[in-house]
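In the numbering used here, the protein residues as written are 152 to 678.
Built from N, CA and C at the ideal position, the CB exists for glycine as well.
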């Protein structure tokens, strides 16, 4: 009876947490409706507009997953204005956050801990998810949401006893893949490894484990295979996504970054904001890390540098990250027979983190890629605190103090960021309104400030062709090169940032339309 009452109270508290999240989300969204738009989000919105317009042939894209554009398209049909669409991405992100918190609550019950510790560590998740939802690309949070539910079912101690567990694993993993193609190799590797553990651990249910393995993979391949077939047809070769190949080549020793940053590039269709809408068509320099000693050394250095950055991101999230991970890593230092027999919550999360991070280490890392890792660290921290509470190492006040410090470490960055970055990006919206008075439209290029120009082009419903720099030398184009590019790409307006005299002779031929009314920016009408 006591246990039932405790669980009932927990459910009421968790419901209250979701209400608090919803209230805070409703309050803070007004301050983040102008948030700085990443180049990724701009092109994802552009893809969603193609779906909304019924232009499926152009909307199908091997680089960007289709799921978020699909759920954004109805909002675009309702109101296609750039600012309204941007606001809609925040609404969808907050909704995703609601279901992510719900999933974290479910997943927390795969980790043994008393209800007081469970409730305590779920509380800061409210602010963590709010931070993720309002300050980062919503696609990364959506991927995290689907993976949370996948982990909930695959971590089930009774996983092998019910086929529906594996079917749901395949379903949520497929939805994660439709969100971001990185989920494809991650799921296949993770699902096989997890089923291998269940198979070795079990003596009576091995047939059921094999059935679960094949059913989960079958469900996943049916859903993901349909999309893979569509994009393979578009690009003329078998692929489950083009982002992995592109990102690997971009990080290589021959490419030296994305070609998007230097030179003008035509967007893939007449509705695209920029060429970044489909990097699949970029000409990249391939490399083989095993092709030479020099290439292999480059790969090792790349992994080492990315690993150091990853540690920095983990520490940024909470200073307890490395302690928690170190303790969990110590659980792995056992003979295989003992390793298989230990509690799942001691081995499954750390294997998940290692596997998830490994793929990014050979390319590049960003803070937003590892939301799933941060959330697992919170649950792992709760599990370790629960273990510590059963020892004599600390009394109840010591446990309370450690728990309090852990909670504070989790909410410092989210709260300070949400408070200090209000109205971030509003200057782009304000500047675009000022520029719109001059009827700036069509094809735009700039001498500098790629991100600023792209953001303004988004609000103007224009097409941004990029920075007028020589793709080889990385220096500003000469007058002859620039004039040739104006004609080749049919540039309508040229944004000139700063006060240098670069291309001064050429630009005298064109009318500057703002008459110095916009600080730091001159706009020349080319056509």
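Neighbourhood of residue 312 by C-beta distance below 8 Å, restricted to the same chain and skipping five residues each side: Position 161 of the chain shown, counted from the start, is the residue given in the question as residue 312. Around residue 312: 356 and 359.
Residue 525 and residue 279 - do their beta-carbons sit closer together than 9 Å? Here residue 279 corresponds to residue number 128 of the chain shown, with the count starting at 1. Here residue 525 corresponds to residue number 374 of the chain shown, with the count starting at 1. Closer than 9 Å, so yes.
Residue 678 versus residue 455 - alpha carbon distance: As a first step, residue 678 is located in the chain shown; it is residue number 527 there, counting from the start. As a first step, residue 455 is located in the chain shown; it is residue number 304 there, counting from the start. Cα to Cα, the separation comes out at about 49 Å.
Between residue 157 and residue 344, what straight-line distance do the alpha-carbon atoms span, to the nearest angstrom? As a position in the chain shown, residue 157 is number 6, starting the count at 1. As a position in the chain shown, residue 344 is number 193, starting the count at 1. Cα-Cα distance, rounded: 35 Å.
Inter-residue spacing [alpha-carbon to alpha-carbon] between residue 257 and residue 165: Walking along the chain shown from the start, residue 257 turns up at place 106. Walking along the chain shown from the start, residue 165 turns up at place 14. If I take the Cα positions, the gap works out to 10 Å.
Start and end of the alpha helix (DSSP H) containing residue 617? In the chain shown, residue 617 corresponds to position 466, counting from 1. Not the alpha helix (DSSP H): residue 617 falls in the beta strand (DSSP E), residues 614-618.
Can you give me the Cβ contacts of residue 201 inside the same chain, cut-off strictly under 7 Å, excluding the 5 residues immediately before and after it? Within the chain shown, numbered from 1, the residue matching residue 201 stands at position 50. 209, 210 and 422, listed in sequence order.
Less than 9 Å separating the beta-carbons of residue 453 and residue 512? Within the chain shown, residue 453 is the residue found at index 302, counting from 1. Within the chain shown, residue 512 is the residue found at index 361, counting from 1. Cβ atoms of residue 453 and residue 512: closer than 9 Å.
By the 10 Å Cβ neighbour count, where 16 or more other Cβ atoms means buried, how is residue 229 classified, buried or exposed? To locate residue 229, count along the chain shown from 1; it is residue 78. By the 10 Å Cβ count, residue 229 comes out exposed.
Give me, in chain order, the residues of the same chain whose beta-carbon lies closer than 7 Å to that of residue 655; leave out the 5 immediate sequence neighbours on both sides. Numbered from 1 along the chain shown, position 504 holds the residue referred to as residue 655. None.
Rounded Cβ spacing between residue 348 and residue 507 (contact assumed at less than 8 Å): Locating residue 348 in the chain shown gives position 197, counting from the first residue. Locating residue 507 in the chain shown gives position 356, counting from the first residue. Taking a contact as a CB-CB distance under 8 Å, the pair residue 348 and residue 507 does not count as one, their CB atoms being some 17 Å apart.
Between residue 328 and the rest of its own chain, which residues show a CB-CB distance below 6 Å, the 5 nearest in sequence each way excluded? Translated into the one-based positions of the chain shown, residue 328 becomes position 177. Contacts found: 334, 335 and 375.
Own chain residues within Cβ distance below 6 Å of residue 152, not counting five before or after: Sequence index remark: in the chain shown, residue 152 carries index 1 (1-based). Unreliable positioning characterises residue 152 in this predicted model, as indicated by a pLDDT of 46, which lies under 50. The coordinate reading is nonetheless provided below. Excluding sequence neighbours, residue 152 sits near nothing in its chain.
If we call anything under 9 Å between Cβ atoms a contact, is residue 496 one with residue 262? The residue you call residue 496 lines up with position 345 of the chain shown. The residue you call residue 262 lines up with position 111 of the chain shown. A distance below 9 Å separates the beta carbons of residue 496 and residue 262.
Ranges of the alpha helix (DSSP H) found wholly within the stretch 517-553, counting only runs of at least 4: Uninterrupted alpha helix (DSSP H) stretches at least 4 residues long and entirely within the stretch 517-553 occur at 522-540, given in chain order.
With respect to the alpha helix (DSSP H) encompassing residue 396, which residues constitute its N-terminal and C-terminal limits? In the chain shown, counting from the first residue as 1, residue 396 sits at position 245. For residue 396, the uninterrupted alpha helix (DSSP H) segment begins and ends at 394-401.
Please return the same chain residues whose Cβ sits closer than 6 Å to the Cβ of residue 617, not counting the five positions on each side in sequence. Numbered from its first residue, the chain shown carries residue 617 at position 466. Around residue 617: 415 and 416.
Is it right to say residue 407 is buried, meaning 16 or more other beta carbons lie within 10 angstroms of its own, or is it exposed? The residue labelled residue 407 in the question sits at position 256 within the chain shown. Looking at its Cβ environment, which holds fewer than 16 other Cβ atoms inside 10 Å, residue 407 is exposed.
Which residues does DSSP pair with residue 647 in a beta bridge? Residue 647 sits at position 496 when you count from the first residue of the chain shown. Beta-bridge analysis with DSSP links residue 647 to 673.
Evaluate residue 567 with the Cβ neighbour count: other Cβ atoms within 10 Å of its Cβ, from every protein chain shown; 16 or more gives buried, anything less gives exposed. By 1-based counting over the chain shown, the position of residue 567 is 416. Label assigned to residue 567: exposed.
From 216, 293, 498 and 275, pick the residue whose C-alpha is nearest to that of residue 247; which is it? One-based indexing of the chain shown puts residue 247 at position 96. Nearest option by C-alpha distance: 293.
Per DSSP, residue 597 is paired with what? Taking the first residue of the chain shown as 1, we reach residue 597 at position 446. Per DSSP, 618 and 646.
Out of 172, 224, 543 and 307, point me to the one whose CA is closest to residue 275's CA. What you label residue 275 is simply residue 124 of the chain shown in a count that begins at 1. For residue 275, the closest alpha carbon among the candidates 172, 224, 543 and 307 is that of 172.
Would a C-beta distance cut-off of 9 Å place residue 619 and residue 633 closer than the cut-off? Indexing the chain shown from 1 puts residue 619 at position 468. Indexing the chain shown from 1 puts residue 633 at position 482. Here residue 619 is near residue 633, since their CB atoms are less than 9 Å apart.
How long is the line joining the alpha carbons of residue 365 and residue 350, rounded to whole angstroms? For the purposes of this step, residue 365 is taken as the residue at position 214 of the chain shown. For the purposes of this step, residue 350 is taken as the residue at position 199 of the chain shown. Answer to the nearest angstrom: the Cα atoms are 13 Å apart.
Going by Cα to Cα distance, which pick from 457, 494 and 443 is closest to residue 482? In the chain shown, residue 482 corresponds to position 331, counting from 1. Closest option to residue 482, Cα to Cα, is 494.
Tell me whether the stretch 176-196 and the stretch 424-437 touch, counting them as touching only if at least three CB pairs, one residue from each stretch, are closer than 8 Å. Because the criterion of three Cβ pairs below 8 Å is met, the stretch 176-196 and the stretch 424-437 touch.
What runs of the alpha helix (DSSP H), each 4 residues or longer, lie entirely inside the stretch 437-504? Whole alpha helix (DSSP H) segments, 4+ residues: 444-468, 472-482 and 487-492.
Which of the three DSSP states is assigned to residue 355 in this structure? As a position in the chain shown, residue 355 is number 204, starting the count at 1. Coil at residue 355, not helix or strand.
Between 217, 559 and 221, which lies nearest to residue 684 when the distance is taken from Cα to Cα? The chain is shown from 152 up to 678; residue 684 falls before or after that span and cannot be answered.
At 4 residues or longer, what runs of the alpha helix (DSSP H) sit wholly inside the stretch 244-326? With a minimum length of 4 residues, the continuous alpha helix (DSSP H) runs that stay inside the stretch 244-326 are 266-286 and 289-305.
Measuring CA to CA, which of 180, 461 and 661 is closest to residue 643? As a position in the chain shown, residue 643 is number 492, starting the count at 1. Between residue 643 and the set 180, 461 and 661, the nearest pair of CA atoms involves 661.
Beta-carbon gap between residue 384 and residue 435 smaller than 9 Å: For the purposes of this step, residue 384 is taken as residue 233 along the chain shown, with counting starting at 1. For the purposes of this step, residue 435 is taken as residue 284 along the chain shown, with counting starting at 1. By the CB criterion at 9 Å, residue 384 and residue 435 fall outside the cutoff.
What is the rounded straight-line gap between the Cα of residue 544 and the Cα of residue 504? As a first step, residue 544 is located in the chain shown; it is residue number 393 there, counting from the start. As a first step, residue 504 is located in the chain shown; it is residue number 353 there, counting from the start. So the two alpha carbons sit approximately 28 Å from each other.
Can you give the Cα-Cα distance for residue 237 and residue 609, rounded to whole angstroms? Walking along the chain shown from the start, residue 237 turns up at place 86. Walking along the chain shown from the start, residue 609 turns up at place 458. For residue 237 and residue 609, the distance between alpha carbons rounds to 10 Å.
Distance, residue 499 Cα to residue 306 Cα: Residue numbering aside, residue 306 sits at position 155 when the chain shown is read from its first letter. Residue numbering aside, residue 499 sits at position 348 when the chain shown is read from its first letter. Distance between the alpha carbons of residue 306 and residue 499 is about 7 Å.
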